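Chains as they are written, first to last, in my numbering: chain F, 20 to 445; chain D, 20 to 445.
2 protein chains.
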Amino acid sequence: MTADAQSNPLENMGRAAKDAAYALALLSAKEKNALLLSLADTLDERAEAILAANAKDLDAARASGMAESLMDRLALDPERLAGMAGDVRAVCALHDPVGEIIDGSLLDSGLSLMRRRVPLGVVAAIYEARPNVTVDVAALCLKTGNAVILRGGRETVHSNAALVEAIQACLTAHGLPEGAVQAIRSADRSLVSALLRLDAYVDMLIPRGGAGLHRLCREESRIPVITGGIGVCHIYVDESADQAKALHVVENAKIQRPSACNAVETLLVHRAVAPRFLPLLARHLEAFGTLLHAEGEAFAMLFAAVPDRAVPVEPGDYDKEWLSRDMNVKIVDSLDQALAHIRAHGTGHSEAILSENMALAERFVSSVDAAAVYVNASTRFTDGGQFGLGAEVAISTQKLHARGPMGLEALTTYKWIARGDYSIRA
Amino acid sequence: MTADAQSNPLENMGRAAKDAAYALALLSAKEKNALLLSLADTLDERAEAILAANAKDLDAARASGMAESLMDRLALDPERLAGMAGDVRAVCALHDPVGEIIDGSLLDSGLSLMRRRVPLGVVAAIYEARPNVTVDVAALCLKTGNAVILRGGRETVHSNAALVEAIQACLTAHGLPEGAVQAIRSADRSLVSALLRLDAYVDMLIPRGGAGLHRLCREESRIPVITGGIGVCHIYVDESADQAKALHVVENAKIQRPSACNAVETLLVHRAVAPRFLPLLARHLEAFGTLLHAEGEAFAMLFAAVPDRAVPVEPGDYDKEWLSRDMNVKIVDSLDQALAHIRAHGTGHSEAILSENMALAERFVSSVDAAAVYVNASTRFTDGGQFGLGAEVAISTQKLHARGPMGLEALTTYKWIARGDYSIRA
Numbered sequence: 020m021t022a023d024a025q026s027n028p029l030e031n032m033g034r035a036a037k038d039a040a041y042a043l044a045l046l047s048a049k050e051k052n053a054l055l056l057s058l059a060d061t062l063d064e065r066a067e068a069i070l071a072a073n074a075k076d077l078d079a080a081r082a083s084g085m086a087e088s089l090m091d092r093l094a095l096d097p098e099r100l101a102g103m104a105g106d107v108r109a110v111c112a113l114h115d116p117v118g119e120i121i122d123g124s125l126l127d128s129g130l131s132l133m134r135r136r137v138p139l140g141v142v143a144a145i146y147e148a149r150p151n152v153t154v155d156v157a158a159l160c161l162k163t164g165n166a167v168i169l170r171g172g173r174e175t176v177h178s179n180a181a182l183v184e185a186i187q188a189c190l191t192a193h194g195l196p197e198g199a200v201q202a203i204r205s206a207d208r209s210l211v212s213a214l215l216r217l218d219a220y221v222d223m224l225i226p227r228g229g230a231g232l233h234r235l236c237r238e239e240s241r242i243p244v245i246t247g248g249i250g251v252c253h254i255y256v257d258e259s260a261d262q263a264k265a266l267h268v269v270e271n272a273k274i275q276r277p278s279a280c281n282a283v284e285t286l287l288v289h290r291a292v293a294p295r296f297l298p299l300l301a302r303h304l305e306a307f308g309t310l311l312h313a314e315g316e317a318f319a320m321l322f323a324a325v326p327d328r329a330v331p332v333e334p335g336d337y338d339k340e341w342l343s344r345d346m347n348v349k350i351v352d353s354l355d356q357a358l359a360h361i362r363a364h365g366t367g368h369s370e371a372i373l374s375e376n377m378a379l380a381e382r383f384v385s386s387v388d389a390a391a392v393y394v395n396a397s398t399r400f401t402d403g404g405q406f407g408l409g410a411e412v413a414i415s416t417q418k419l420h421a422r423g424p425m426g427l428e429a430l431t432t433y434k435w436i437a438r439g440d441y442s443i444r445a
Numbered sequence: 020m021t022a023d024a025q026s027n028p029l030e031n032m033g034r035a036a037k038d039a040a041y042a043l044a045l046l047s048a049k050e051k052n053a054l055l056l057s058l059a060d061t062l063d064e065r066a067e068a069i070l071a072a073n074a075k076d077l078d079a080a081r082a083s084g085m086a087e088s089l090m091d092r093l094a095l096d097p098e099r100l101a102g103m104a105g106d107v108r109a110v111c112a113l114h115d116p117v118g119e120i121i122d123g124s125l126l127d128s129g130l131s132l133m134r135r136r137v138p139l140g141v142v143a144a145i146y147e148a149r150p151n152v153t154v155d156v157a158a159l160c161l162k163t164g165n166a167v168i169l170r171g172g173r174e175t176v177h178s179n180a181a182l183v184e185a186i187q188a189c190l191t192a193h194g195l196p197e198g199a200v201q202a203i204r205s206a207d208r209s210l211v212s213a214l215l216r217l218d219a220y221v222d223m224l225i226p227r228g229g230a231g232l233h234r235l236c237r238e239e240s241r242i243p244v245i246t247g248g249i250g251v252c253h254i255y256v257d258e259s260a261d262q263a264k265a266l267h268v269v270e271n272a273k274i275q276r277p278s279a280c281n282a283v284e285t286l287l288v289h290r291a292v293a294p295r296f297l298p299l300l301a302r303h304l305e306a307f308g309t310l311l312h313a314e315g316e317a318f319a320m321l322f323a324a325v326p327d328r329a330v331p332v333e334p335g336d337y338d339k340e341w342l343s344r345d346m347n348v349k350i351v352d353s354l355d356q357a358l359a360h361i362r363a364h365g366t367g368h369s370e371a372i373l374s375e376n377m378a379l380a381e382r383f384v385s386s387v388d389a390a391a392v393y394v395n396a397s398t399r400f401t402d403g404g405q406f407g408l409g410a411e412v413a414i415s416t417q418k419l420h421a422r423g424p425m426g427l428e429a430l431t432t433y434k435w436i437a438r439g440d441y442s443i444r445a
């Protein structure tokens, strides 16, 4: 342990989490599910107290002038709280990956070797003012036998305290240490830095928030961090694409939920089909209030079709995660130009090609370096639920450990187990 | 790209590596093996020039008073160079994991989904003054389609320049960019910090060196880093262990290669067998010049058997990676005490129990949190070659991405590939 860790104000919290992790790692799937079921029941039973705590947060948020959209994410009501309990019950139904034998072999040395899947140990999560994330992350961590340290948005301090009290009451009732699920209750921002230095105890850090939080974690964290969630996603409309069908895919990728990280931000269109496709596109999207950002010929074509929904591209637009009904549209001469644009501006999240040309599509799939690559499908599918993972811990856009939607398996590691007969290395 | 990355003196190197990575990712296993075979041949052909460059490094090292053991690791001769070429040919024979379909499914949405194993992209390695590591890491990265940026010890600057020239000549002959394998040639230490900030281009950092280097990387790197290689390993001798056989396992774990990270540093002995086992141990190890560090009764028993090979434990000894013929010996009352000691002092590398009690052994296996856990075997087996991985990139003692010996698979990630029929998310 470093001197630095010893002077860390979160030292005790880290130690308690580590101790709890040893206990959690020994639980059977059945024991973990019993714990989660009782947690779901406890959330139902304590509804009144939890909603009262949430009301305090809402009052404070209203007084501080929080935006309506953020207030909505912060707000709980009986229905939402019941939904959270239901989500915990759904986690019970998922397969527990802990204990699986990943692979194994009998070695020449006589050793019987296997890799067993085990919990990571201690996970830390930093997230925004969304009380549902508190329960969601805690449930996923407990399901996989991990302890967790939570640092939610400071605007949810009362809600999170009530939720973590409920969780800790269940832990105690099951003979487990409260250190298994802990929340940093102080709004003191310096504690985020302290958390990032807690590498003596924490095995993985999951930031759930905007680009700024991810950058902070990447730059300052001594704990291995899963960064992601930032999506500048592209769709390339090849000259062979079915244009009528392409319109619906683009509409889905841009309009269904513009604020999602898997929404498309830039459409790349082959020059050969641009004169026909771009006016169709402009007129199709007009009804959805989309604003198209384009340059040169593309701008001229879009502007001619629907003048008030096309604006010139400005510097930096191709690197923007719009998170709105804005979309860049660019004409490219070839697949290679499309690939070059994606390499220059993509964030490695989700990229799609729309094409009837199988060889070209395969080249796109092999050449694009992203967590998810689509042929003739919307980028909106990048999601743990859609991919059949049952749960989503986060969406990773880095390449170590887990890439793309992270399910329960991403909360595990493995240990090598070798059994011998007083075997020695030759 | 951040403003910081733009002002990084290694910016061009990072960009060249990233560009090269796109080309390498498209190579077939056959093409990569052809490249590696020609690299092995080139090392043979250029032996004279490489040895001349190495001689310059050796002269400088000698003049600066480098220790003999370090000089030995720096030195090349015709046999060692031929061995390096042979190692490259051995890498050709390994299975290429790139392109494997890890898993897949047909989703309710109609999407055909699969995970394809792909190269990480750009790897960076920081290592000591060992020219063989230059070729080793480059060969493993090329085999898996990764570009690599190498930063070897500054004492090997001429050797590494000659080796990287040989590698780049092969790349050029195969129509591949030199950016695929680059070395930082300046001895300027500030470039290490610059490398650690190259996260816009580098996907994984592998430090191969002492605890100080690993700490520096963990604290400063913005690139995901694989830390490891530090081993405070334990063997617990349970009361049921066969004592005669146990002596040989302990001897192997301590003596075969004391400088290895998987050598044992502390022996934990059950109190019931200590009075018989410890004198046997002291006499058995006496011939190997082992110095035993112990406290209380353990010290008394060892000292009584072989007075000049036992010394009292000093503060901090239990946390020391001796890397020598020193070993701590401690009496414990139970498995739980042994586990508590390992939790307090272990580095998560390799831990062993010697026991005839299967239930106890299984409890040890489940309770110890380490990359490798052994029942009745020496800790010395923790090694990529011993585990049948064919190659060893590093030994990880962290839990993300890879744990324990890392083979070729640890140099890969995956991408999700989904094919639809203009599919949209409902």
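Cβ coordinates follow ideal geometry from the N, Cα and C atoms, glycine included.
Here the structure is a predicted model, which is why all the values come from computation and not from measurement.
What residues of chain F sit near residue i, judged by a beta carbon separation below 9 Å?
{"i": "serine 386/D", "result": "Tyr41, Ala44 and Leu45"}
Name the chain F residues that come within less than 7 Å of residue i, Cβ to Cβ?
{"i": "arginine 209/D", "result": "First, the amino acid is wrong: residue 209/D is serine here, not arginine. What serine 209/D touches in chain F: nothing, since even the nearest Cβ is about 18 Å away."}
{"i": "glutamine 417/D", "result": "Pro243"}
{"i": "methionine 425/D", "result": "Simply none; closest approach about 11 Å."}
Whole angstroms is fine: what's the gap from residue i's alpha carbon to residue j's?
{"i": "alanine 72/F", "j": "glutamate 174/F", "result": "12 Å"}
{"i": "aspartate 355/F", "j": "glycine 308/F", "result": "31 Å"}
{"i": "phenylalanine 296/D", "j": "glutamine 262/D", "result": "7 Å"}
{"i": "isoleucine 350/D", "j": "leucine 169/D", "result": "45 Å"}
{"i": "threonine 246/F", "j": "glycine 423/F", "result": "10 Å"}
{"i": "isoleucine 112/F", "j": "leucine 125/D", "result": "Before going on, a small fix: residue 112/F reads as alanine here, not isoleucine. If you take the alpha carbons of alanine 112/F and leucine 125/D, they lie about 21 Å apart."}
{"i": "aspartate 222/F", "j": "alanine 230/F", "result": "22 Å"}
{"i": "leucine 159/D", "j": "alanine 429/D", "result": "10 Å"}
{"i": "proline 196/F", "j": "glutamate 381/F", "result": "52 Å"}
{"i": "valine 445/D", "j": "arginine 362/F", "result": "Going by the sequence as given, residue 445/D is alanine instead of valine. Straight-line Cα distance between these residues: approximately 29 Å."}
{"i": "isoleucine 203/F", "j": "valine 268/F", "result": "43 Å"}
{"i": "alanine 180/D", "j": "alanine 104/D", "result": "17 Å"}
{"i": "valine 394/D", "j": "threonine 401/D", "result": "13 Å"}
By the criterion of Cβ-Cβ separation under 8 Å, what are the contact partners of residue i in chain D?
{"i": "glutamate 238/F", "result": "Arg241"}
Go through its chain and collect everything with a Cβ distance to residue i's Cβ below 8 Å, but skip five positions before and after it.
{"i": "leucine 77/F", "result": "Met90, Leu93 and Ala94"}
{"i": "leucine 379/D", "result": "Asp257, Ser259, Leu354 and Ile372"}
{"i": "proline 116/F", "result": "Arg136, Thr163, Leu427, Glu428 and Thr431"}
{"i": "glutamate 119/D", "result": "Arg135 and Arg136"}
{"i": "serine 57/D", "result": "Cys189, Ala192 and His193"}
{"i": "glycine 315/D", "result": "Ile350"}
{"i": "proline 138/D", "result": "Ala40, Leu43, Ala44, Val117, Thr163, Gly164, Asn165, Leu430, Thr431 and Thr432"}
{"i": "valine 152/D", "result": "Ala144, Tyr146, Gly171 and Arg227"}
Given residue i, which residues of its chain have a CB within under 7 Å of its CB, disregarding the five upstream and five downstream residues?
{"i": "serine 386/F", "result": "Leu358"}
{"i": "alanine 22/F", "result": "Interpretation of alanine 22/F is limited by its pLDDT of 46, a score under 50 that renders its predicted location unreliable; the figure taken from the coordinates is listed afterwards. Closer than 7 Å at the Cβ level, and outside the excluded window around alanine 22/F, lies no residue."}
{"i": "threonine 366/D", "result": "Ile249, Gly250, Val251 and Thr416"}
So which residues on chain B does residue i lean against when the C-beta distance must stay under 7 Å?
{"i": "glutamine 275/F", "result": "Judged by its chain identifiers, the structure shown contains no chain B, and its protein chains are F and D."}
Going along chain D in order, which residues have a C-beta closer than 9 Å to the C-beta of residue i?
{"i": "arginine 307/F", "result": "Here the sequence assigns phenylalanine to residue 307/F, which means arginine is not the residue at that position. Under the 9 Å cutoff, chain D gives no residues; its nearest Cβ is about 14 Å from phenylalanine 307/F."}
{"i": "arginine 438/F", "result": "Ala380, Val384, Tyr393, Val394, Asn395 and Ala396"}
Using a C-beta to C-beta distance shorter than 7 Å, which residues of chain D count as neighbours of residue i?
{"i": "histidine 267/F", "result": "Tyr441 and Ile443"}
{"i": "histidine 420/F", "result": "Leu419 and His420"}
{"i": "tyrosine 433/F", "result": "Arg422"}
{"i": "asparagine 52/F", "result": "Residues of chain D passing the Cβ test: none, with the nearest at roughly 19 Å."}
Per the DSSP calculation, residue i is bridged to which residue(s)?
{"i": "proline 138/F", "result": "Thr431/F"}
{"i": "arginine 438/D", "result": "Val394/F and Ser131/D"}
{"i": "proline 331/D", "result": "Ala313/D"}
Just to make sure I have the definition right: I need the residues of chain F whose C-beta is within less than 8 Å of the C-beta of residue i. Which are they?
{"i": "asparagine 347/D", "result": "Correct list: empty, because the minimum Cβ distance to chain F is about 18 Å."}
Given residue i, which residues of its chain have a CB within under 6 Å of its CB, disregarding the five upstream and five downstream residues?
{"i": "serine 178/F", "result": "Ala72, Asn73, Asp76 and Pro150"}
Query raised in the report: Mind pulling the beta strand (DSSP E) runs of 3 or more residues that sit fully within the stretch 167–222 of chain F?
Result: 200–202
Query raised in the report: What residue ranges within the stretch 222–296 of chain F form continuous beta strand (DSSP E) runs of no fewer than 3 residues, ordered along the chain?
Result: 223–227, 252–256 and 283–289
Report task. Note down, one range per segment and in chain order, each alpha helix (DSSP H) of at least 4 residues found wholly within the stretch 341–379 of chain F. Result -> 354–364
Query raised in the report: Which ranges would you report for the beta strand (DSSP E) in the stretch 389–430 of chain F if only whole runs of at least 3 residues count?
Result: 391–396, 413–415 and 423–425
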